[in-house]
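Q:
Number of protein chains: 2
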Amino acid sequence: MKQNWKPGTLIYPLPAILVSCGSSDEEYNVFTASWAGTICTNPPMCYVSIRPERYSHAIIKRNMEFTLNLTTEALARATDWCGVRSGRDCDKFKEMNLTPEKGVKVSSPYIVEAPLSIECRVKEIVSLGSHDMFVVDVVNVVADDRYINAETGEFDMKRAGMLVYCHGEYFGLGNRIGHFGWSVKKNK
Amino acid sequence: MKQNWKPGTLIYPLPAILVSCGSSDEEYNVFTASWAGTICTNPPMCYVSIRPERYSHAIIKRNMEFTLNLTTEALARATDWCGVRSGRDCDKFKEMNLTPEKGVKVSSPYIVEAPLSIECRVKEIVSLGSHDMFVVDVVNVVADDRYINAETGEFDMKRAGMLVYCHGEYFGLGNRIGHFGWSVKKNK
Chain D
1 MKQNWKPGTL
11 IYPLPAILVS
21 CGSSDEEYNV
31 FTASWAGTIC
41 TNPPMCYVSI
51 RPERYSHAII
61 KRNMEFTLNL
71 TTEALARATD
81 WCGVRSGRDC
91 DKFKEMNLTP
101 EKGVKVSSPY
111 IVEAPLSIEC
121 RVKEIVSLGS
131 HDMFVVDVVN
141 VVADDRYINA
151 ETGEFDMKRA
161 GMLVYCHGEY
171 FGLGNRIGHF
181 GWSVKKNK
Chain G
1001 MKQNWKPGTL
1011 IYPLPAILVS
1021 CGSSDEEYNV
1031 FTASWAGTIC
1041 TNPPMCYVSI
1051 RPERYSHAII
1061 KRNMEFTLNL
1071 TTEALARATD
1081 WCGVRSGRDC
1091 DKFKEMNLTP
1101 EKGVKVSSPY
1111 IVEAPLSIEC
1121 RVKEIVSLGS
1131 HDMFVVDVVN
1141 VVADDRYINA
1151 ETGEFDMKRA
1161 GMLVYCHGEY
1171 FGLGNRIGHF
1181 GWSVKKNK
């Protein structure tokens, strides 16, 4: 049986991303966001939606750059903590033993402990209500070579232990079901 | 060691969503998208990015409505197949044994086999390059009561067996790590 619910935000599973920002040690901050995703393949563009009252909102608006750091099971506690605490009250990098490293193409730092960091430059800020959508160009990707398959050059997300956020709960990746296109190959 | 890669679309894990559209039996179609997510909590808004050459692009532009159907491990084969095949060549609902049911607040059908369907009305279409971003208002949610916890009223995504799409591969949900905010509660 089906129930009708009032409109809500129920698209899942999602990543839980550590967004790092700021252009100097004193300004550096990091927070967690799941309202984030890819909006265009070519050119590579993505978005993050951020509440205006969040401490990092003003930092990003000032610098118009930030970095999306993908997270893993090993980073689960830091990921959750950075989503609950505010950079107004503490140095989240220090408290969570995260290491900020100077960005390559942007002023914002990336997180050394993250398997993959996506450097972003803001193109547009769209006010929607509770959240502002930051529409960005991807300008660089920093990848940890521990998870790159030496033969194929592919980044192995299963081995990296990617973290999944699903309707208020964190999970690891489960059983591998198949590769994109497997349903057609099996029929041949 | 870190490697720098050229800009790319690497935000993962993501949902693999069955997008259903069309306002009559003859027009009904369904395709798979992962460039989709929540962009605002209040009002509830989301987006899907679609290549203009995709068969459903014109159908959605005509009706300005569609439905996002979340997918599960049980729907993995249909999800992959609907992402590879085109509605120009076949009736994907029939081929994959998916049941279209008349929408509640929109003309597009929802998929009965999906655990959760999100009815959307298009507010704006933004051309970005390879993809057009459809910015939408959520107008209704249809939930399968098999996965609703009778005590809490919560939708149990773990029990529904949500499907995860991660860099070209499909996975199930793995180990539950914790609830949003657990890192702070543990410290008390």
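Here the protein sequences come in this chain order: D and G. Here the first sequence is numbered in the working numbering, starting from 1 and rising by one per residue. Here the second sequence is numbered in the working numbering, starting from 1001 and rising by one per residue. No residue lacks a Cβ here, since even glycine has one placed at the ideal position from N, Cα and C.
Run through chain D and tell me which residues come within less than 9 Å of aspartate 1080/G, C-beta to C-beta.
A: The answer, in chain order, is Ile177, Gly178, His179, Phe180, Gly181, Trp182, Ser183, Val184.
Q: Among the candidates Ala1058/G, Thr1099/G, Ile1118/G, whose CA atom is the shortest distance from the CA of leucine 1075/G?
A: The option with the nearest alpha carbon to leucine 1075/G is Thr1099/G.
Q: Check whether the Cβ atoms of glutamate 73/D and isoleucine 1177/G sit closer than 8 Å, and answer yes or no.
A: Against a cut-off of 8 Å, the Cβ pair of isoleucine 1177/G and glutamate 73/D comes out as a contact.
Q: Within 8 Å of any Cβ in chain G, is that where the Cβ of isoleucine 113/D sits?
A: For clarity, residue 113/D is glutamate in the given sequence; the question names isoleucine instead. It does not: the Cβ of glutamate 113/D has no partner Cβ on chain G nearer than 8 Å.
Q: Mind checking if aspartate 190/D is an interface residue toward chain G, Cβ cutoff 8 Å exclusive?
A: Outside the displayed range of chain D (1 to 188) lies residue 190/D, so it cannot be described from this structure.
Q: Suppose only complete runs of 4+ residues qualify. What are the alpha helix (DSSP H) ranges in the region 1041-1112 of chain G, listed by chain order?
A: Those alpha helix (DSSP H) runs which fall completely within the region 1041-1112 of chain G and span 4+ residues are 1055-1063, 1076-1084, 1092-1095.
Q: Compare the Cα-Cα distances from aspartate 156/D to each of Leu14/D, Tyr147/D, Val164/D, Met162/D and report the closest residue.
A: Nearest C-alpha to aspartate 156/D: Tyr147/D.
Q: Report yes or no: do three or more beta-carbon pairs, one from the region 85-93 of chain D and one from the region 51-59 of chain D, lie closer than 8 Å?
A: Touching, yes, given that three or more Cβ pairs across the two stretches are closer than 8 Å.
Q: Could you check which residue in Leu14/D, Lys2/D, Thr9/D has the C-alpha nearest to that of serine 130/D?
A: For the residues Leu14/D, Lys2/D, Thr9/D, the minimum Cα distance to serine 130/D belongs to Thr9/D.
Q: Would you decide whether proline 1015/G is buried or exposed? Buried here means 16 or more other CB atoms lie within 10 Å of its CB.
A: Burial call: buried.
Q: For alanine 160/D, report the span of its beta strand (DSSP E) as first-last.
A: Unbroken run through alanine 160/D is the alpha helix (DSSP H), 157-160; no beta strand (DSSP E).
Q: Between which residues of its own chain and isoleucine 60/D is the CB-CB distance below 6 Å, once the five residues before and five after are set aside?
A: Only Cys21, Phe66 meet the Cβ criterion.
Q: Apply the 10 Å Cβ neighbour rule to asparagine 1140/G and answer buried if 16 or more other Cβ atoms are within range, or exposed otherwise.
A: Buried, since its Cβ has 16 or more Cβ neighbours within 10 Å.
Q: Check the Cβ of alanine 192/D against every Cβ in chain G and list those closer than 8 Å, keeping chain order.
A: A query on residue 192/D cannot be resolved here, the shown segment of chain D reaching from 1 to 188 and no further.
Q: In terms of alpha-carbon separation, which member of Ile50/D, Ser127/D, Thr41/D, Val142/D lies closest to serine 1127/G?
A: It is Thr41/D whose Cα lies nearest to the Cα of serine 1127/G.
Q: In whole angstroms, what separates the C-alpha of leucine 18/D from that of asparagine 1069/G?
A: Going by the C-alpha atoms only, they are around 27 Å apart.
Q: Does the CB of proline 100/D have a neighbour CB from chain G at under 8 Å?
A: By this cut-off, proline 100/D is not an interface position.
Q: I'd like to check one pair, threonine 152/D with threonine 79/D: are the Cβ atoms closer than 8 Å?
A: The answer is no: Cβ separation not under 8 Å.
Q: Taking the DSSP output, what are the residues bridged to glutamate 1119/G?
A: The partner list for glutamate 1119/G (beta bridge, DSSP) reads Thr1067/G, Asn1140/G.
Q: So serine 1020/G is in the beta strand (DSSP E); what residue range does that whole segment cover?
A: Segment 1017-1021, the beta strand (DSSP E) holding serine 1020/G.
Q: By the 10 Å Cβ neighbour count, where 16 or more other Cβ atoms means buried, how is alanine 114/D classified, buried or exposed?
A: Buried.
Q: Just the Cα atoms here: how many angstroms apart are lysine 188/D and tryptophan 182/D?
A: In this predicted model, lysine 188/D has a pLDDT of only 45, less than 50, meaning its place in the structure is not dependable enough to derive any value.
Q: Taking tryptophan 5/D as part of the beta strand (DSSP E), name the residues at either end of that continuous run.
A: Unbroken beta strand (DSSP E) run through tryptophan 5/D: 2-5.
Q: Examine chain D for any beta-carbon lying closer than 8 Å to the beta-carbon of tyrosine 1147/G, and answer yes or no.
A: False, the Cβ-Cβ gap to chain D never drops below 8 Å.
Q: Output yes or no for whether 8 Å exceeds the beta carbon distance between cysteine 1090/G and leucine 173/D.
A: Cβ distance not < 8 Å, so cysteine 1090/G and leucine 173/D don't count as in contact.
Q: Could you tell me the boundaries of the beta strand (DSSP E) in which glycine 1129/G lies?
A: Element bounds for glycine 1129/G: n/a, residue is neither H nor E.
Q: Smallest Cα separation from asparagine 4/D: which of Asn1004/G, Tyr1110/G, Glu1124/G?
A: Among Asn1004/G, Tyr1110/G, Glu1124/G, the Cα nearest to that of asparagine 4/D is on Tyr1110/G.
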